[in-house]
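**Student:** For reference, the structure I am asking about is given below.
Number of protein chains: 2
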Amino acid sequence: MRFKAMIHTSLKKSVLDPQGQTTLHALSTMGFREAKSLRIGKAFELTLEAADRKKAETCIHAMCDKLLHNPVIEEYSFEVQELS
Amino acid sequence: MRFKAMIHTSLKKSVLDPQGQTTLHALSTMGFREAKSLRIGKAFELTLEAADRKKAETCIHAMCDKLLHNPVIEEYSFEVQELS
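Those sequence lines, one after another, are chains A and B. All residue numbers for the first sequence refer to this note's numbering, where the first residue is 1 and numbers rise by one. All residue numbers for the second sequence refer to this note's numbering, where the first residue is 85 and numbers rise by one.
The following block contains the structure:
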């Protein structure tokens with residue numbers, strides 16, 4: 001079975017996000033005073049083959065732990081969707 | 085009213101994603117043969133103040149068009165959620 005996963009990695013709340021702060025400041029100076037906070041992370045759009053949803057999720061956790069995210073400063077979350 | 089928006093920018097399908105291809109190749113050499121395709125984009129977690137949901141969405145479109153995404157090679161999508 002083929003699955004599509006959207007994986008988000010973002011900096012932990014306790015970690016400073018200079019890219020987000022700079023972009024928020026830029027928005028503010030451009031007149032977008034509505035923006036109150038901004039944090040920037042990565043979005044991975046992954047297609048994978050697995051026997052079932054549980055195996056797909058186990059595989060994604062392993063990929064995140066071993067390559068896609070830095071456990072020291074980042075956290076991750078994902079959503080899996082079955083492709084027909 | 086306060087809203088939280090998750091904005092995703094990703095390279096257009098027609099644009100090569102070398103970061104995604106390199107990461108996919110790394111996953112493959114690490115033994116994750118389940119991974120079939122991977123594209124990497126950015127995820128913006130934005131908090132904003134707006135009078136209503138429609139005004140919040142208009143504001144987010146303007147922010148994306150003017151700063152957050154590069155219309156030549158990227159596309160964006162977002163989800164807005166009202167904060168209590």
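For every residue, glycine included, the Cβ atom is placed at its ideal position computed from N, Cα and C. Because the structure is a prediction, the values reported are computed rather than measured.
1) Which chain A residues are close to Leu100(B), counting only those with a beta carbon under 7 Å from its beta carbon?
2) Quick check: the Cα distance between Glu118(B) and Asp65(A), rounded to an integer number of angstroms?
3) Between Phe116(B) and Ile91(B), what straight-line distance do the alpha-carbon atoms span, to the nearest angstrom?
4) Check the Cβ-Cβ distances between Thr131(B) and every residue of chain A, and say whether any is below 8 Å.
5) Just to confirm my understanding: we take Asp136(B), look at its own chain, exclude 5 residues before and 5 after, and list those with CB closer than 7 Å. What are they?
6) Report yes if the C-beta distance between Ala56(A) and Val80(A) is below 8 Å; otherwise report no.
7) When the Cα atoms are used, what is the spatial distance from Ser28(A) to Met147(B)?
8) Can you confirm whether Glu75(A), when its beta carbon is compared against all beta carbons of chain B, has any partner nearer than 8 Å?
9) Apart from the five residues just before and just after Lys4(A), which ones in its own chain have a Cβ nearer than 6 Å to its Cβ?
10) Give the interface partners of Phe128(B) over in chain A, defined as CB-CB distance under 9 Å, in chain order.
11) Hey, is Cys143(B)'s beta-carbon within less than 8 Å of any beta-carbon in chain A?
12) By a C-beta neighbour count over all protein chains shown, 10 Å radius and 16 as the cutoff for buried, is Leu16(A) buried or exposed?
13) Quick check: is the beta carbon of Phe162(B) nearer than 8 Å to any beta carbon in chain E?
14) Within 10 Å of its beta-carbon, does Lys106(B) have 16 or more other beta-carbons around it, so buried, or fewer, so exposed?
15) Can you tell me whether His109(B) is buried or exposed, with buried defined as 16 or more other CB within 10 angstroms of its CB?
**Tutor:** Once the coordinates are examined:
1) Residue numbering aside, residue 100(B) sits at position 16 when the second sequence is read from its first letter. None at all; the shortest Cβ gap to chain A is about 15 Å.
2) For the purposes of this step, residue 118(B) is taken as the residue at position 34 of the second sequence. For the purposes of this step, residue 65(A) is taken as the residue at position 65 of the first sequence. Looking at the backbone, the Cα of Glu118(B) and that of Asp65(A) are separated by about 16 Å.
3) By one-based count along the second sequence, residue 116(B) stands at place 32. By one-based count along the second sequence, residue 91(B) stands at place 7. Put simply, the backbone Cα of Phe116(B) is about 29 Å away from that of Ile91(B).
4) Here residue 131(B) refers to the residue found at position 47 when the second sequence is read from its first residue. Judged by the 8 Å Cβ criterion, Thr131(B) is in contact with chain A.
5) Position 52 of the second sequence, counted from the first residue, corresponds to residue 136(B). Counting only Cβ-Cβ distances below 7 Å, and skipping sequence neighbours, we find Met85.
6) One-based indexing of the first sequence puts residue 56(A) at position 56. One-based indexing of the first sequence puts residue 80(A) at position 80. Cβ atoms of Ala56(A) and Val80(A): closer than 8 Å.
7) Taking the first sequence and counting its residues from 1, one reaches residue 28(A) at position 28. Taking the second sequence and counting its residues from 1, one reaches residue 147(B) at position 63. Their Cα atoms are separated by approximately 10 Å.
8) For the purposes of this step, residue 75(A) is taken as residue 75 along the first sequence, with counting starting at 1. Cβ-Cβ to chain B under 8 Å: no for Glu75(A).
9) Here residue 4(A) is taken as the residue at index 4 of the first sequence, counted from 1. Once the five neighbours on either side are set aside, the close Cβ partners of Lys4(A) are Thr47, Gln81, Leu83.
10) Position 44 of the second sequence holds residue 128(B). Within chain A, the residues whose beta carbon sits less than 9 Å from that of Phe128(B) are Gly20, Thr23, Leu38, Arg39, Ile40, Gly41, listed in sequence order.
11) Residue mapping note: residue 143(B) aligns to position 59 of the second sequence, counting from 1. When Cβ-Cβ separations below 8 Å define contact, Cys143(B) makes contact with chain A.
12) Mapped onto the first sequence, residue 16(A) falls at position 16. When all chains shown are included, Leu16(A) counts as exposed.
13) Among the protein chains of the structure shown, namely A and B, there is no chain E.
14) Mapped onto the second sequence, residue 106(B) falls at position 22. Reading off the sequence, residue 106(B) comes out as Thr, not Lys. By the neighbour-count criterion, in which a residue is buried when 16 or more other Cβ atoms sit within 10 angstroms of its Cβ, Thr106(B) is exposed.
15) To locate residue 109(B), count along the second sequence from 1; it is residue 25. Its Cβ having fewer than 16 others within 10 Å, His109(B) is exposed.
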